[in-house]
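Participant: If you're matching them up, the sequences are chains A and B in order.
Each residue of the first sequence is one higher than the last, beginning at 1 in my numbering.
Each residue of the second sequence is one higher than the last, beginning at 352 in my numbering.
Ideal Cβ positions, reconstructed from N, Cα and C, are used throughout, including at glycine.
2 protein chains.
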Amino acid sequence: MVQSSRFLRACQGLPVDRIPVWLMRQAGRYLPEYRKVREQVSFLTLCKTPSLAVEVTLQPVQRLGVDAAILFSDILLLLEPMGIEVSFEENGGPRLDPTIAGKGDVEALPVPDPEDQLGFVLEAIRQLRATLGGETALIGFSGAPFTLATYLIEGGSSRDFAKTKGLMYQEPRTFHRLMAHLARSVLLYLEAQVRAGVQALQLFDTWAVVLSPQDYREYVLPHMQELLESLRACQVPTIHFSLGTSTLLDSMAKLGAQVLSLDWKIDIGEAREKLGSKQPVQGNLDPMALFKPAEDLCRTVSRMLEQGSRWPGYIFNLGHGIHPKTPVENVVRLVETVRTFPVPAAKGTDG
Amino acid sequence: MVQSSRFLRACQGLPVDRIPVWLMRQAGRYLPEYRKVREQVSFLTLCKTPSLAVEVTLQPVQRLGVDAAILFSDILLLLEPMGIEVSFEENGGPRLDPTIAGKGDVEALPVPDPEDQLGFVLEAIRQLRATLGGETALIGFSGAPFTLATYLIEGGSSRDFAKTKGLMYQEPRTFHRLMAHLARSVLLYLEAQVRAGVQALQLFDTWAVVLSPQDYREYVLPHMQELLESLRACQVPTIHFSLGTSTLLDSMAKLGAQVLSLDWKIDIGEAREKLGSKQPVQGNLDPMALFKPAEDLCRTVSRMLEQGSRWPGYIFNLGHGIHPKTPVENVVRLVETVRTFPVPAAKGTDG
Numbered sequence: 001m002v003q004s005s006r007f008l009r010a011c012q013g014l015p016v017d018r019i020p021v022w023l024m025r026q027a028g029r030y031l032p033e034y035r036k037v038r039e040q041v042s043f044l045t046l047c048k049t050p051s052l053a054v055e056v057t058l059q060p061v062q063r064l065g066v067d068a069a070i071l072f073s074d075i076l077l078l079l080e081p082m083g084i085e086v087s088f089e090e091n092g093g094p095r096l097d098p099t100i101a102g103k104g105d106v107e108a109l110p111v112p113d114p115e116d117q118l119g120f121v122l123e124a125i126r127q128l129r130a131t132l133g134g135e136t137a138l139i140g141f142s143g144a145p146f147t148l149a150t151y152l153i154e155g156g157s158s159r160d161f162a163k164t165k166g167l168m169y170q171e172p173r174t175f176h177r178l179m180a181h182l183a184r185s186v187l188l189y190l191e192a193q194v195r196a197g198v199q200a201l202q203l204f205d206t207w208a209v210v211l212s213p214q215d216y217r218e219y220v221l222p223h224m225q226e227l228l229e230s231l232r233a234c235q236v237p238t239i240h241f242s243l244g245t246s247t248l249l250d251s252m253a254k255l256g257a258q259v260l261s262l263d264w265k266i267d268i269g270e271a272r273e274k275l276g277s278k279q280p281v282q283g284n285l286d287p288m289a290l291f292k293p294a295e296d297l298c299r300t301v302s303r304m305l306e307q308g309s310r311w312p313g314y315i316f317n318l319g320h321g322i323h324p325k326t327p328v329e330n331v332v333r334l335v336e337t338v339r340t341f342p343v344p345a346a347k348g349t350d351g
Numbered sequence: 352m353v354q355s356s357r358f359l360r361a362c363q364g365l366p367v368d369r370i371p372v373w374l375m376r377q378a379g380r381y382l383p384e385y386r387k388v389r390e391q392v393s394f395l396t397l398c399k400t401p402s403l404a405v406e407v408t409l410q411p412v413q414r415l416g417v418d419a420a421i422l423f424s425d426i427l428l429l430l431e432p433m434g435i436e437v438s439f440e441e442n443g444g445p446r447l448d449p450t451i452a453g454k455g456d457v458e459a460l461p462v463p464d465p466e467d468q469l470g471f472v473l474e475a476i477r478q479l480r481a482t483l484g485g486e487t488a489l490i491g492f493s494g495a496p497f498t499l500a501t502y503l504i505e506g507g508s509s510r511d512f513a514k515t516k517g518l519m520y521q522e523p524r525t526f527h528r529l530m531a532h533l534a535r536s537v538l539l540y541l542e543a544q545v546r547a548g549v550q551a552l553q554l555f556d557t558w559a560v561v562l563s564p565q566d567y568r569e570y571v572l573p574h575m576q577e578l579l580e581s582l583r584a585c586q587v588p589t590i591h592f593s594l595g596t597s598t599l600l601d602s603m604a605k606l607g608a609q610v611l612s613l614d615w616k617i618d619i620g621e622a623r624e625k626l627g628s629k630q631p632v633q634g635n636l637d638p639m640a641l642f643k644p645a646e647d648l649c650r651t652v653s654r655m656l657e658q659g660s661r662w663p664g665y666i667f668n669l670g671h672g673i674h675p676k677t678p679v680e681n682v683v684r685l686v687e688t689v690r691t692f693p694v695p696a697a698k699g700t701d702g
């Protein structure tokens, strides 16, 4: 199936007329128009009001001309229909209550029904698809099971993930059961997003980086492989994001995601070399590089584009979410640099 | 020079009768005898009172029988004689005041005179050397320039290191000047520690992990190479520790440190394979693995020992500091597992 969107073509490793670009947290506090909306409503209200979620999702598309929109939402919303209260302190991390501490807690968790319990997400997706042209792809997303598990167990962010690893090591069966429960819930949620109209799916496994390669292979990889295998039936590209992906590159390549989204701890050229010409990649500018003087920023981005685009299947993005204090003019400059970068003469995917 | 201490022999890649072991933060809150001392005095008072620093430094040697003692101190103490006030909130991170924000601040920083201003550290070292037998090596340490720079600039711990990267990107010359100042200060401090009696030096570059490989090569590597080159004159082994070392393994191998101390984000066997038989390594158990049931812990440790000891030049350690809530009995078990592990028949260093 030939796609009109260059983002979707790149996800499939197909040649493109220019490198597609979008930015994690492109809808966010660095944009004055976003802050204006947030002056009126809380973060959670924004997420749960389709018209507002649509409005802020479209803001970066309108201002920056990025090649993909990502639904404005939060990975923790999937946990509310499991009976977990989620709150966001202003300028603080999320708080979850109650937390999961053992077998009984895991067994009591229901699998959310997305149509019934997360309808506001699906409604926002339907409205977005009706608004967006064919050129701008719409990305849906979910937290990956391990990252969701850390929030359920820690009750928020963590420095050392002591409770998560405690449960994993002391009750491995319970931990696997929790992972299976979350994988099932994520699958249903993402399937519903695709039915509502998203054209690609990104799985955020932000905290997988805290595990040793062996623990990753034992406790995370099998659940991710099964989830990604099941998602193939949706026939949309899947993107796997993790911080520290470069330390687990061997395992990442076995996940079964169409696209690997990398953080900035690896040179993009080295990553492509290691992963091979057939593996589409997304990334991987340090979000803090947006604080560089304009000329330095453009030089950094151009070098990445040269390294990243040596084979088809490259999507420009940051290595993590954009920082709230980022100067908007640098974000505009960044996207413009990518949009005007001359793509190397198509070498095909067998280069 | 043939060393009697198996720790020092391993640092030089020489064959040993058994794998040497010590643990980062082996003197600490998980030990009841340490907590007893801390009930009487604050953390800073403990660091600055040689008799007490000596007492807690020796506690894990006595209880665990580890092969090396590391001076009980803190990397931030070097910053006080630069006119920076350092405080530790109970159960919180450190606070530094004032912080470094630009060229003028950097130019105003004095280079500390360790003999005069950090005499309590040197006195503790002298007392420790007079107490320790030849078998138990004494390790001195310092924060590495980049990690110290982050504390000076951020004023404490950080999530995103926005200020550090801001200064680095917007005033690269100032940043290099700060790095040079810190490298000079660290050099004098470590030289004084060696004169006082330490037999090995560990440099903690904990936060280097937040940089892209390119930024590491540009802003950190040259300063570290110069520092490590200067330290060669001390004729004691140098150990380089960083979190996320595995993402920067190529650069790490070029540092000029005798030993690379790795975190748990890489299989120790893979790390040794990549670094080659001539590169001594230290590490790399996830500190949280000490929360595993005894049998699982021993299995994990044994597998690491098998992988790590295929060539001489392996020192068993954690990948980061021991967690305060770690059960002591598991720490005892860990050290015992290493001490009783049969070393593979010596293959020489050219295996």
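(1) Is the Cβ of tryptophan 264 of chain A closer than 8 angstroms to any Cβ of chain B?
(2) Report the three-state DSSP secondary structure of aspartate 701 of chain B (helix, strand or coil).
(3) Thinking just about the alpha-carbon of each residue, which of A/Ala196, A/Phe43, A/Ala124, A/Gly65 is nearest to the one in phenylalanine 88 of chain A?
(4) Let me see if you follow: with CB-CB separation under 8 angstroms, is alanine 108 of chain A close to chain B or not?
(5) My output table needs one value for methionine 1 of chain A: the three-state DSSP class, helix, strand or coil.
(6) Taking only beta-carbon atoms, is serine 302 of chain A less than 8 angstroms away from chain B?
(7) Decide yes or no for the touch test of the region 571-589 of chain B against the region 168-179 of chain A: beta carbon pairs closer than 8 angstroms, at least 3 of them.
(8) Using a C-beta to C-beta distance shorter than 9 angstroms, which residues of chain A count as neighbours of proline 644 of chain B?
(9) In chain A, which residues lie less than 8 angstroms from methionine 639 of chain B when you measure between Cβ atoms?
(10) If distances are taken between C-alpha atoms only, which option among B/Asp425, B/Pro695, B/Trp615 comes closest to glycine 664 of chain B?
(11) Would you list the one or two residues that DSSP bridges to valine 632 of chain B?
(12) Could you tell me whether the region 403-410 of chain B touches the region 441-453 of chain B, using the rule of 3 or more Cβ pairs below 8 angstroms?
(13) Counting only beta-carbon separations shorter than 8 angstroms, does proline 449 of chain B have a partner in chain A?
(14) Could you give the distance in angstroms between the alpha-carbon of valine 412 of chain B and the alpha-carbon of valine 338 of chain A?
(15) Spell out whether any CB of chain C is found under 8 angstroms from the CB atom of proline 366 of chain B.
(16) Leaving out five residues on either side along the sequence, give the residues of the same chain with a beta carbon under 7 angstroms from the beta carbon of serine 536 of chain B.
(17) According to DSSP, simplified to helix, strand and coil, what is serine 309 of chain A?
(18) Name the chain B residues whose beta carbon is nearer than 8 angstroms to that of serine 251 of chain A?
(19) Assuming leucine 489 of chain B and arginine 480 of chain B form a contact by the criterion Cβ under 8 angstroms, report the distance between their Cβ atoms to the nearest whole angstrom.
(20) Quick check on DSSP: helix, strand or coil for proline 32 of chain A?
(21) Under a Cβ-count criterion, where at least 16 other Cβ atoms within 10 Å of its own Cβ denotes burial, should arginine 510 of chain B be classed as buried or exposed?
(22) When you compare each of A/Ile70, A/Ala271, A/Tyr169 to glutamine 307 of chain A by their alpha carbons, which one comes out closest?
(23) Around the Cβ of aspartate 418 of chain B, are there at least 16 other Cβ atoms within 10 angstroms (buried) or fewer (exposed)?
(24) Starting from alanine 513 of chain B, trace the alpha helix (DSSP H) both ways and give me its first and last residue.
(25) Looking at the strands, I want to know which residues DSSP matches up with histidine 591 of chain B.
(26) Excluding five sequence neighbours on each side, which residues of the same chain lie with their C-beta closer than 6 angstroms to the C-beta of histidine 674 of chain B?
(27) Pick from A/Met82, A/Ser251, A/Gln193: whose alpha carbon is nearest that of leucine 152 of chain A?
(28) Straight-line CA distance for glycine 507 of chain B to alanine 500 of chain B?
(29) Considering only the alpha carbon of each residue, which of B/Leu359, B/Trp662, B/Phe642, B/Gln609 lies closest to glycine 627 of chain B?
(30) Taking the C-alpha atoms as reference points, what is the distance between lysine 399 of chain B and tyrosine 385 of chain B?
(31) According to the neighbour-count rule (16 or more other Cβ atoms, all chains shown, within 10 Å of its Cβ), is proline 237 of chain A buried or exposed?
(32) Kindly say whether glutamine 214 of chain A, judged by its beta-carbon, lies nearer than 8 angstroms to any beta-carbon of chain B.
(33) Can you pull the DSSP bridge partners for glutamate 436 of chain B?
(34) In angstroms, rounded to a whole number, what distance separates the CA positions of phenylalanine 146 of chain A and tyrosine 189 of chain A?
(35) By how many angstroms is the C-alpha of valine 328 of chain A removed from the C-alpha of leucine 31 of chain A?
(36) Name the residues in the region 409-424 of chain B whose C-beta lies less than 7 angstroms from a C-beta of chain A; which are they?
Facilitator: Taking the structure as given:
(1) yes
(2) Note that aspartate 701 of chain B scores 43 on pLDDT, short of 50, meaning its location in the model is unreliable; the coordinates nonetheless yield the value given after this. Of the three classes helix, strand and coil, the one that applies to aspartate 701 of chain B here is coil, per DSSP.
(3) A/Phe43
(4) no
(5) Because methionine 1 of chain A carries a pLDDT of 46, less than 50, the predicted location of this residue cannot be relied on, and the following value inherits that uncertainty. Three-state result, methionine 1 of chain A: coil.
(6) no
(7) no
(8) Tyr169, Gln170
(9) Asp160, Phe161, Ala162, Lys165, Gly166, Tyr169
(10) B/Pro695
(11) B/Leu611, B/Tyr665
(12) no
(13) no
(14) 57 angstroms
(15) Of the chains in the structure shown, none is chain C; the protein chains are A and B.
(16) Leu429, Val462, Pro463
(17) coil
(18) Near serine 251 of chain A there are no residues of chain B at all, since even the closest Cβ is about 11 angstroms away, more than 8 angstroms.
(19) 6 angstroms
(20) helix
(21) exposed
(22) A/Ala271
(23) buried
(24) 513-521
(25) B/Leu554, B/Leu611
(26) Pro638
(27) A/Met82
(28) 10 angstroms
(29) B/Trp662
(30) 15 angstroms
(31) buried
(32) yes
(33) B/Asp448
(34) 16 angstroms
(35) 7 angstroms
(36) none
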